[in-house]
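Read in order, the letters of the sequence shown correspond to residues 12 to 136 in the numbering used here. Scroll down for the structure; my scribbles are underneath it.
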Amino acid sequence: MTLPDVLAFLDLTDDLGIVAWLSGSWGAQAHDGIVREHDDLDLFLEARHAATIAQHLGLRGFTADRLAPWHVRYTDSHGRTIDVRFFERDATTVTHGPDERWPASALDGYGLLGERAVRVVVPRR
Numbered sequence: 012m013t014l015p016d017v018l019a020f021l022d023l024t025d026d027l028g029i030v031a032w033l034s035g036s037w038g039a040q041a042h043d044g045i046v047r048e049h050d051d052l053d054l055f056l057e058a059r060h061a062a063t064i065a066q067h068l069g070l071r072g073f074t075a076d077r078l079a080p081w082h083v084r085y086t087d088s089h090g091r092t093i094d095v096r097f098f099e100r101d102a103t104t105v106t107h108g109p110d111e112r113w114p115a116s117a118l119d120g121y122g123l124l125g126e127r128a129v130r131v132v133v134p135r136r
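Here it is, written out as C-alpha cells:
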C-alpha cells in the first residue's frame with residue numbers, strides 16, 4: 012500500500028462517516044513520524060461498520076478473506092491489502108475478538124500522514 016492508497020481509503024471512510032484507526036506500520040509511522048516499509052494497511056474499525064466496508068471494498072474490486080469473525084483481510088488484483096480488525100467498545104474497554112480487551116484510551120492516538128491528521132491505535136508497550 013502506498014501513501015496515496017492509504018489516503019484514498021481514509022477519504023472513503025470519511026465519506027461513509029466511518030472512523031478508521033490506523034495500526035501496524037502505517038499507524039506507527041503516523042504516530043512517531045519514522046518512515047517504515049508497508050506491505051499492507053492495518054486498521055481497526057467499529058464492528059457495526061463491517062457490512063458497509065465489505066460492500067464498498069467489494070465494489071472497488073477487493074475480495075475478503077475472513078480470518079476470524081473480527082478479523083478480515085481484503086485484497087485486490089493490484090496486490091493491495093487492507094487488514095481490518097473489528098472491535099466493540101464501551102466507556103472503558105475496547106473488545107477485539109474473544110480474548111483481547113484494551114483500555115478505551117488505546118483509541119486516543121493521533122498522528123500525521125503527510126499533512127493529514129489520522130487516528131491511530133496507541134501502541135501498547
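Ideal Cβ positions, reconstructed from N, Cα and C, are used throughout, including at glycine. A quick note: this is a predicted structure, and the numbers were derived from the prediction, not measured.
For residue j and residue i, the rounded distance between their alpha carbons
i: residue 59; j: residue 48; result: 30 Å
i: residue 132; j: residue 112; result: 13 Å
i: residue 39; j: residue 78; result: 23 Å
i: residue 109; j: residue 15; result: 34 Å
i: residue 25; j: residue 126; result: 16 Å
i: residue 64; j: residue 36; result: 21 Å
Within-7 Å CB hit, residue i to chain C
i: residue 71; result: In the structure shown, chain C does not exist; there is a single protein chain.
8 Å contact criterion, which residue i and residue j should meet: CB distance rounded
i: residue 114; j: residue 104; result: 7 Å
i: residue 30; j: residue 124; result: With 8 Å as the limit, residue 30 and residue 124 do not qualify as a contact, their Cβ atoms being about 15 Å apart.
i: residue 55; j: residue 20; result: No, residue 55 and residue 20 are not in contact; Cβ-Cβ is about 13 Å, not under 8 Å.
Residue burial classification, residue i (beta-carbon count within 10 angstroms, cutoff 16)
i: residue 34; result: buried
i: residue 122; result: buried
i: residue 89; result: exposed
i: residue 95; result: buried
i: residue 91; result: buried
i: residue 46; result: exposed
Contacts around residue i, its chain only, beta-carbon distance under 6 Å, and the 5 residues preceding and following it disregarded
i: residue 73; result: 85 and 87
i: residue 93; result: 52 and 85
i: residue 66; result: none
N-terminal and C-terminal residue of the beta strand (DSSP E) that residue i is part of
i: residue 93; result: 92-100
i: residue 33; result: 32-34
Residue i: first and last residue of the uninterrupted alpha helix (DSSP H) it sits in
i: residue 114; result: Element bounds for residue 114: not the alpha helix (DSSP H) but the beta strand (DSSP E), 111-114.
i: residue 11; result: This structure gives no information on residue 11, because the portion of the chain shown stretches from 12 to 136.
i: residue 21; result: 14-27
Same chain, Cβ closer than 8 Å to residue i, neighbours up to 5 away in sequence not counted
i: residue 128; result: 121 and 122
i: residue 102; result: 115
i: residue 118; result: 32, 55, 100, 105, 130, 132 and 133
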